[in-house]
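Residue numbers (the working numbering): 111 to 290.
In this text, a Cβ means the ideal position worked out from N, Cα and C, and glycines have one as well.
Here is the structure we will look at, set down as C-alpha coordinates.
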(Lines of atoms letter the chains of each structure in order from A and count residues from 1; the text may use other names and numbers.)
(Lines give C-alpha, C1' and ligand atoms only; values in the text may rest on other atoms or scores of the structure.)
Protein backbone atom coordinates (compact mmCIF):
# COMPACT_ATOMS: atom_id res chain seq x y z
CA UNK A 1 0.00 0.00 0.00
CA UNK A 2 1.51 3.32 -0.97
CA UNK A 3 1.88 6.08 1.60
CA UNK A 4 -0.59 8.14 -0.45
CA UNK A 5 -3.20 5.38 -0.12
CA UNK A 6 -2.45 4.87 3.58
CA UNK A 7 -3.13 8.55 4.29
CA UNK A 8 -6.53 8.61 2.61
CA UNK A 9 -9.63 8.68 4.76
CA UNK A 10 -12.45 6.19 4.43
CA UNK A 11 -14.61 8.82 2.72
CA UNK A 12 -11.96 9.73 0.15
CA UNK A 13 -10.72 6.20 -0.48
CA UNK A 14 -14.18 4.60 -0.73
CA UNK A 15 -16.51 7.53 -1.34
CA UNK A 16 -18.90 5.64 -3.64
CA UNK A 17 -19.08 2.65 -1.30
CA UNK A 18 -19.70 4.86 1.76
CA UNK A 19 -22.47 6.67 -0.10
CA UNK A 20 -24.01 3.35 -1.19
CA UNK A 21 -23.94 1.98 2.36
CA UNK A 22 -25.52 5.12 3.82
CA UNK A 23 -28.31 5.08 1.22
CA UNK A 24 -29.46 1.70 2.54
CA UNK A 25 -30.63 3.27 5.80
CA UNK A 26 -33.19 5.99 6.61
CA UNK A 27 -31.64 9.18 8.00
CA UNK A 28 -32.92 8.43 11.51
CA UNK A 29 -31.39 4.92 11.35
CA UNK A 30 -28.01 5.60 9.77
CA UNK A 31 -26.22 4.45 12.93
CA UNK A 32 -27.15 0.97 11.69
CA UNK A 33 -24.46 1.38 9.01
CA UNK A 34 -21.68 1.09 11.58
CA UNK A 35 -20.95 -2.59 10.86
CA UNK A 36 -20.90 -2.31 7.05
CA UNK A 37 -18.64 0.74 7.36
CA UNK A 38 -16.28 -1.17 9.63
CA UNK A 39 -16.13 -4.01 7.09
CA UNK A 40 -15.38 -1.45 4.40
CA UNK A 41 -12.60 0.02 6.53
CA UNK A 42 -10.98 -3.39 6.85
CA UNK A 43 -10.94 -3.86 3.09
CA UNK A 44 -7.40 -4.24 1.74
CA UNK A 45 -5.87 -4.76 5.16
CA UNK A 46 -6.99 -1.60 6.92
CA UNK A 47 -7.87 -1.86 10.58
CA UNK A 48 -10.43 -0.16 12.76
CA UNK A 49 -7.88 2.29 14.14
CA UNK A 50 -8.88 5.20 16.37
CA UNK A 51 -8.83 7.51 13.35
CA UNK A 52 -11.03 5.13 11.32
CA UNK A 53 -13.45 4.69 14.24
CA UNK A 54 -13.53 8.46 14.70
CA UNK A 55 -14.32 8.99 11.03
CA UNK A 56 -17.11 6.40 11.13
CA UNK A 57 -18.51 8.09 14.24
CA UNK A 58 -18.49 11.44 12.43
CA UNK A 59 -20.16 9.97 9.33
CA UNK A 60 -22.91 8.39 11.44
CA UNK A 61 -23.16 11.21 13.99
CA UNK A 62 -22.56 8.88 16.93
CA UNK A 63 -19.81 8.76 19.55
CA UNK A 64 -16.50 7.03 18.92
CA UNK A 65 -17.25 5.00 22.05
CA UNK A 66 -20.25 3.46 20.31
CA UNK A 67 -18.09 2.45 17.35
CA UNK A 68 -15.29 1.18 19.59
CA UNK A 69 -17.74 -0.95 21.59
CA UNK A 70 -18.67 -2.82 18.40
CA UNK A 71 -15.02 -3.30 17.43
CA UNK A 72 -14.28 -4.59 20.92
CA UNK A 73 -17.23 -6.96 21.06
CA UNK A 74 -17.16 -8.67 17.67
CA UNK A 75 -14.26 -10.87 16.56
CA UNK A 76 -14.98 -9.77 12.99
CA UNK A 77 -13.30 -6.41 13.56
CA UNK A 78 -9.79 -5.67 14.68
CA UNK A 79 -8.04 -2.54 15.85
CA UNK A 80 -4.49 -3.69 15.16
CA UNK A 81 -2.61 -5.08 12.21
CA UNK A 82 -2.16 -8.79 11.74
CA UNK A 83 -1.30 -11.51 9.29
CA UNK A 84 -3.13 -12.37 6.09
CA UNK A 85 -4.84 -15.16 8.02
CA UNK A 86 -6.07 -14.52 11.55
CA UNK A 87 -6.45 -17.72 13.53
CA UNK A 88 -8.83 -16.83 16.35
CA UNK A 89 -9.11 -19.46 19.06
CA UNK A 90 -12.01 -19.31 21.49
CA UNK A 91 -10.64 -19.40 25.04
CA UNK A 92 -13.83 -18.47 26.90
CA UNK A 93 -14.57 -20.57 30.00
CA UNK A 94 -16.55 -23.42 28.36
CA UNK A 95 -13.86 -23.82 25.69
CA UNK A 96 -11.08 -23.48 28.26
CA UNK A 97 -12.64 -26.35 30.21
CA UNK A 98 -12.40 -28.42 27.02
CA UNK A 99 -8.68 -27.70 26.55
CA UNK A 100 -8.68 -24.49 24.51
CA UNK A 101 -5.80 -22.86 26.41
CA UNK A 102 -3.50 -25.84 25.84
CA UNK A 103 -4.67 -26.01 22.23
CA UNK A 104 -3.86 -22.29 21.74
CA UNK A 105 -0.40 -22.80 23.24
CA UNK A 106 0.30 -25.69 20.86
CA UNK A 107 -0.91 -23.74 17.81
CA UNK A 108 1.39 -20.88 18.79
CA UNK A 109 4.27 -23.30 19.31
CA UNK A 110 3.70 -24.82 15.85
CA UNK A 111 3.82 -21.36 14.24
CA UNK A 112 6.65 -20.06 16.42
CA UNK A 113 4.67 -17.13 17.85
CA UNK A 114 2.93 -16.12 21.06
CA UNK A 115 -0.77 -15.27 21.29
CA UNK A 116 -1.37 -11.94 19.57
CA UNK A 117 1.76 -12.22 17.43
CA UNK A 118 2.19 -12.60 13.69
CA UNK A 119 4.51 -15.03 11.94
CA UNK A 120 7.65 -13.52 10.41
CA UNK A 121 6.32 -14.10 6.89
CA UNK A 122 3.15 -12.11 7.71
CA UNK A 123 0.88 -15.05 6.90
CA UNK A 124 -0.64 -15.83 10.31
CA UNK A 125 -1.68 -14.08 13.49
CA UNK A 126 -2.90 -16.21 16.39
CA UNK A 127 -5.42 -14.55 18.68
CA UNK A 128 -7.45 -15.53 21.71
CA UNK A 129 -11.11 -14.49 21.40
CA UNK A 130 -14.20 -14.75 23.55
CA UNK A 131 -17.09 -16.99 22.53
CA UNK A 132 -17.45 -18.19 18.98
CA UNK A 133 -20.79 -19.83 19.89
CA UNK A 134 -19.63 -23.43 19.66
CA UNK A 135 -18.98 -24.26 23.31
CA UNK A 136 -19.89 -27.92 22.85
CA UNK A 137 -17.48 -28.27 19.92
CA UNK A 138 -14.26 -27.04 21.53
CA UNK A 139 -11.49 -26.68 20.93
CA UNK A 140 -12.50 -24.57 17.98
CA UNK A 141 -11.20 -21.63 16.04
CA UNK A 142 -12.11 -19.41 13.15
CA UNK A 143 -9.86 -18.17 10.38
CA UNK A 144 -10.46 -14.69 8.98
CA UNK A 145 -8.87 -13.65 5.72
CA UNK A 146 -9.79 -11.99 2.41
CA UNK A 147 -11.86 -15.04 1.49
CA UNK A 148 -14.09 -14.55 4.52
CA UNK A 149 -14.41 -16.57 7.69
CA UNK A 150 -14.15 -20.32 8.14
CA UNK A 151 -15.04 -22.17 11.34
CA UNK A 152 -13.19 -25.24 12.54
CA UNK A 153 -14.74 -27.26 15.37
CA UNK A 154 -13.53 -30.19 17.49
CA UNK A 155 -9.98 -29.60 16.37
CA UNK A 156 -6.69 -31.32 17.08
CA UNK A 157 -3.25 -29.90 16.45
CA UNK A 158 -3.01 -32.14 13.36
CA UNK A 159 -6.24 -30.59 12.06
CA UNK A 160 -5.03 -27.03 12.54
CA UNK A 161 -1.66 -27.92 11.00
CA UNK A 162 -3.49 -29.10 7.86
CA UNK A 163 -5.52 -25.86 7.75
CA UNK A 164 -2.34 -23.79 8.13
CA UNK A 165 -0.59 -25.69 5.35
CA UNK A 166 -3.59 -25.27 3.07
CA UNK A 167 -3.78 -21.52 3.75
CA UNK A 168 -0.23 -20.44 3.41
CA UNK A 169 2.54 -22.99 3.15
CA UNK A 170 3.93 -21.45 6.32
CA UNK A 171 7.08 -22.68 7.93
CA UNK A 172 5.68 -24.73 10.77
CA UNK A 173 7.08 -27.23 13.22
CA UNK A 174 6.02 -30.62 11.84
CA UNK A 175 7.43 -32.65 14.72
CA UNK A 176 5.06 -35.33 16.01
CA UNK A 177 5.16 -34.15 19.64
CA UNK A 178 2.03 -32.30 20.63
CA UNK A 179 0.25 -33.42 17.48
CA UNK A 180 -2.91 -34.24 19.39
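{"query": "Limits of the unbroken alpha helix (DSSP H) element including residue 172", "result": "Where residue 172 is concerned, there is no enclosing alpha helix (DSSP H), given that its DSSP letter is neither H nor E."}
{"query": "The stretch 247-258 / the stretch 197-216 touching (three or more Cβ pairs under 8 angstroms)", "result": "yes"}
{"query": "Boundaries of the alpha helix (DSSP H) in which residue 273 is found, first to last residue", "result": "267-278"}
{"query": "Cα-Cα separation between residue 182 and residue 268, rounded to whole angstroms", "result": "31 angstroms"}
{"query": "Cα-Cα separation between residue 278 and residue 136, rounded to whole angstroms", "result": "42 angstroms"}
{"query": "Residues bridged to residue 306 (per DSSP)", "result": "Any property of residue 306 remains undetermined from this structure, which presents the chain solely from 111 to 290."}
{"query": "Segment contact, 8 angstroms Cβ cut-off, at least three pairs: the stretch 175-194 with the stretch 149-167", "result": "yes"}
{"query": "Member of 274, 264, 251, 128 whose CA lies at the smallest distance from the CA of residue 222", "result": "274"}
{"query": "Residue 264, buried or exposed, once every other Cβ within 10 Å from all chains shown has been counted against 16", "result": "exposed"}
{"query": "Segment limits, beta strand (DSSP E) that includes residue 237", "result": "234-239"}
{"query": "Buried versus exposed, by CB contacts within 10 Å (16 or more), residue 193", "result": "buried"}
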